[in-house]
């Protein structure tokens, strides 16, 4: 069983920084459009970040995205689709934000390449599983922490297209809920945000003005994540949070 929160009933901006504590948060997807907004908010809230990046070039680009705050970001280089993240230091972590993922369109089953399901699971599910293997035990040992992942509306409401993507995001959602159940006795919380379409430059390239007006902004998602990383959300665990905008 999972619970769904009505996001309109929560004031994220009031709750996001109530505890005022500094946390080290493991984060994926920091260089993406959503990651830049989420990372900036977390850094401004006083947190430190441990970011997983592919290589030195990606690390340097990410540093440039956060001028004046790059000294609060540590990096671990890995390929999210193949790595098992051995050597990743988890001792000082108090949270994990998994933003990385990808979308590969296939309107029908017949139009999907034979390897599409595997590729979508590599992008959207495998890295979360491998990182939870390391992060969840560390947070349990620490005595608490917060985990947030990003699923998709298609995981809860399949629309008859993009089956591989929907399946991979549904699997990610359930991995998160499993983590919530496993970690609950040690005060480790895990929750999943479920956007519709996120208002990013890539999505704006195909969206009309009327469509874009209905999408979820990265800023709203960042506010929700900051709240889930704070003590103000201490009672929230195993929760699915739809953020569909006006879709």
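In this note's numbering, the protein residues as written are 96 to 342. Note that the Cβ used here is the ideal one computed from N, Cα and C, for glycine as well.
Could you check where the beta strand (DSSP E) with residue i kicks off and where it finishes?
i: residue 298; result: Note, residue 298: premise wrong, no beta strand (DSSP E); alpha helix (DSSP H) at 296-299.
i: residue 251; result: Where residue 251 is concerned, there is no enclosing beta strand (DSSP E), although the alpha helix (DSSP H) it sits in stretches over 248-251.
i: residue 241; result: 240-245
i: residue 149; result: Element bounds for residue 149: n/a, residue is neither H nor E.
i: residue 285; result: 283-290
i: residue 168; result: 168-172
i: residue 120; result: 119-123
Rounded to a whole number of angstroms, what is the C-alpha to C-alpha distance between residue i and residue j?
i: residue 284; j: residue 315; result: 21 Å
i: residue 259; j: residue 250; result: 10 Å
i: residue 122; j: residue 192; result: 5 Å
i: residue 177; j: residue 273; result: 22 Å
i: residue 104; j: residue 153; result: Note that residue 104 has pLDDT 44, beneath the 50 cutoff, so the model's placement of it is unreliable and the number below is only indicative. Looking at the two C-alpha atoms, the distance is approximately 38 Å.
i: residue 336; j: residue 182; result: 32 Å
i: residue 212; j: residue 300; result: 25 Å
i: residue 281; j: residue 298; result: 39 Å
i: residue 108; j: residue 209; result: Residue confidence is low: residue 108 scores 38 on pLDDT, short of 50, so the model does not pin down where it sits. No coordinate-derived value is stated.
i: residue 326; j: residue 118; result: 11 Å
i: residue 133; j: residue 165; result: 15 Å
i: residue 233; j: residue 179; result: 16 Å
i: residue 142; j: residue 168; result: 9 Å
i: residue 293; j: residue 184; result: 31 Å
i: residue 324; j: residue 146; result: 16 Å
i: residue 248; j: residue 289; result: 6 Å
i: residue 266; j: residue 287; result: 12 Å
i: residue 318; j: residue 136; result: 8 Å
i: residue 186; j: residue 254; result: 41 Å
i: residue 188; j: residue 305; result: 41 Å
i: residue 303; j: residue 138; result: 33 Å
Based on Cα-Cα distance, which residue from the options lies nearest to residue i?
i: residue 120; options: 266, 243 and 200; result: 243
i: residue 190; options: 321, 333 and 341; result: 321
i: residue 333; options: 210, 339, 270 and 206; result: 270
i: residue 257; options: 295, 342, 267 and 215; result: 215
i: residue 261; options: 240, 224, 220 and 144; result: 220
i: residue 313; options: 305, 295 and 157; result: 295
i: residue 276; options: 241, 304, 308 and 162; result: 241
i: residue 174; options: 218, 328, 236 and 155; result: 218
i: residue 246; options: 342, 235, 307 and 268; result: 268
i: residue 291; options: 278, 341, 329 and 303; result: 341
Between which two residues does the alpha helix (DSSP H) harbouring residue i extend?
i: residue 320; result: 313-324
i: residue 224; result: 222-237
i: residue 133; result: 128-139
i: residue 346; result: Since the displayed the chain opens at 96 and closes at 342, residue 346 lies outside it and no answer follows.
i: residue 327; result: From DSSP, residue 327 is part of no alpha helix (DSSP H); its letter is neither H nor E.
i: residue 269; result: 258-278
Any contact between the segment 126-139 and the segment 194-209? By contact I mean 3 or more CB pairs, one from each, below 8 Å. yes
Stretch pair the segment 202-209 + the segment 217-229: three plus CB contacts closer than 8 Å: no
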